[in-house]
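Under the numbering used here, the residues of the sequence shown are numbered 2 to 331, in order. Glycine is no exception: its CB is placed at the ideal position from the N, C-alpha and C atoms. These numbers were taken from a predicted model, which means no experiment stands behind them. Everything on this sheet refers to the single structure shown next.
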Amino acid sequence: MRSVFATLARCLASNPVVALVTVVGARGSTPREAGARMVVTASGDIAGTVGGGRLELEAIETAKALLATGTDTFATRDFALGPSLGQCCGGHVTLGIETITAARRGDIEALAEREAGGGLMTSATVRPGAGLVRVPLDETAAAATAFFAGDGSLVEAFGPRRRRLYLFGAGHVGRALVFALAPLPFDVIWVDERRDMFPAMVPQSVDLVVTDGPATIIADAPPGAFALIMTHDHGVDLDILHAALKSGALGYVGLIGSATKRARFESRLRTLGLGPQASCEFRCPIGVPGIQSKEPAMIAAAVAAELLIEDERIRAADGVPSKPLIAAIS
2 MRSVFATLAR
12 CLASNPVVAL
22 VTVVGARGST
32 PREAGARMVV
42 TASGDIAGTV
52 GGGRLELEAI
62 ETAKALLATG
72 TDTFATRDFA
82 LGPSLGQCCG
92 GHVTLGIETI
102 TAARRGDIEA
112 LAEREAGGGL
122 MTSATVRPGA
132 GLVRVPLDET
142 AAAATAFFAG
152 DGSLVEAFGP
162 RRRRLYLFGA
172 GHVGRALVFA
182 LAPLPFDVIW
192 VDERRDMFPA
202 MVPQSVDLVV
212 TDGPATIIAD
222 APPGAFALIM
232 THDHGVDLDI
242 LHAALKSGAL
252 GYVGLIGSAT
262 KRARFESRLR
272 TLGLGPQASC
282 EFRCPIGVPG
292 IQSKEPAMIA
302 AAVAAELLIE
312 DERIRAADGV
322 PSKPLIAAIS
């Protein structure tokens, strides 16, 4: 769930109490990782998932039972994912189940603002009659997670860090890709020279840039940003690619096209002064292998998968776990 506290705030606007279910421990093979979250209301409205199946049904029933008390509470429940639960994952999951009353809506809205700012970490402790009380930490969240620290407090991260992605070109594939990326952890800067090529509505994670000099946009790219180049003009593609590789700041550079296009562009980049290694540091063709269709939606799916793989690889190399930290309670 991308915006946990915003979801809670919306639910508290029309419910006296809501429940937040969090995976706070995971061992072995489990359907979701620590930090997976689900919001439950007494009427049965659900947002998010902690893994589906019997595990989730049990979590919902437990949440509803706690909601019936009408108070701020926090409890943990352990689940072995074996035959007794009707699941065969073989792992072990600990859920934290929290109820939050409408009296705390102001606190939740304040946390929602912090979460929307690009990631939030908190340290939470249980106080009698007050449920789980959170204190924001100075650290920036790298990935959504939840685990118990040595002092017994619950450390949580919300709103995983999102990667900047520059998408050059508003053609059919660009359009398909923007919507394929909408639920994924990327903030997209969508660049084209032609204003009328952009659709009337785009996802909230997308900012539109209309410019006659798209290659100059790269100068503002933060370290580790990604770039995808798929404009209507090979000359424009080359200018952008040259700027992207010359900057040396990007974590991934992709160019739509064939192996033949790649070879020609490598030669032209060397003519423009890039060395043999720098002129090869881009991906072309783009997208995970095995998908042969040229349908824009199919290309977009293959490219989105490749971007996720590259994002996790870079985070792992930087010491950021590709999966959230995991801790289990006995």
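Comparing C-alpha positions only, which one of the options sits nearest to residue i?
| i | options | result |
| --- | --- | --- |
| T212 | P204, A222, Q205 and V192 | V192 |
| T70 | S124, G36 and G132 | G132 |
| A7 | V24, E62 and M39 | M39 |
| A37 | L67, G255, A158 and S15 | A158 |
| L155 | G26, A103 and A306 | G26 |
| A48 | G276, V22, T72 and T31 | V22 |
| F75 | L82, A64 and A81 | A64 |
In the DSSP assignment, find the beta strand (DSSP E) that holds residue i and state where it starts and stops.
| i | result |
| --- | --- |
| G43 | According to the sequence shown, residue 43 is Ala rather than Gly. Segment: none, A43 is in no beta strand (DSSP E) and carries neither H nor E. |
| I230 | F227 to I230 |
| G255 | Y253 to L256 |
Less than 8 Å between the CB atoms is what I'm expecting for residue i and residue j, so what's the real figure, rounded?
| i | j | result |
| --- | --- | --- |
| E311 | Y253 | 5 Å |
| L68 | V18 | 6 Å |
| R28 | V51 | Not quite, the Cβ-Cβ distance comes to about 15 Å (not below 8 Å), so this is no contact. |
| A60 | I98 | 7 Å |
| A10 | R163 | With a Cβ gap of about 21 Å, A10 and R163 do not count as contacting. |
| L309 | L185 | 7 Å |
Per DSSP, which one or two residues make a beta bridge with residue i?
| i | result |
| --- | --- |
| R128 | G132 |
| G172 | Bridge partners of G172: none, in fact. |
| M122 | A158 |
| T100 | A20 and T74 |
| V207 | V189 |
| H93 | R28 and A81 |
| S290 | In the sequence under discussion, the amino acid at residue 290 is Pro, which differs from the Ser named in the question. None; P290 has no bridge partner. |
| F148 | V156 |
| P184 | P184 is not bridged to any residue. |
For residue i, is the classification buried or exposed, using 16 other Cβ atoms within 10 angstroms of its Cβ as the cut-off for buried?
| i | result |
| --- | --- |
| M231 | buried |
| L341 | Missing from the structure shown is residue 341; the chain here goes from 2 to 331 and no further. |
| A222 | buried |
| D238 | buried |
| T100 | buried |
| P215 | buried |
| A328 | Any reading at A328 is ruled out, since the residue's pLDDT is 29, under 50, leaving its predicted position unreliable. |
| V5 | buried |
| G170 | buried |
| T42 | buried |
| G45 | exposed |
May I ask which residues mark the beginning and end of the alpha helix (DSSP H) holding residue i?
| i | result |
| --- | --- |
| V304 | P297 to A318 |
| A260 | A260 to T272 |
| F6 | V5 to L13 |
| A64 | G54 to L68 |
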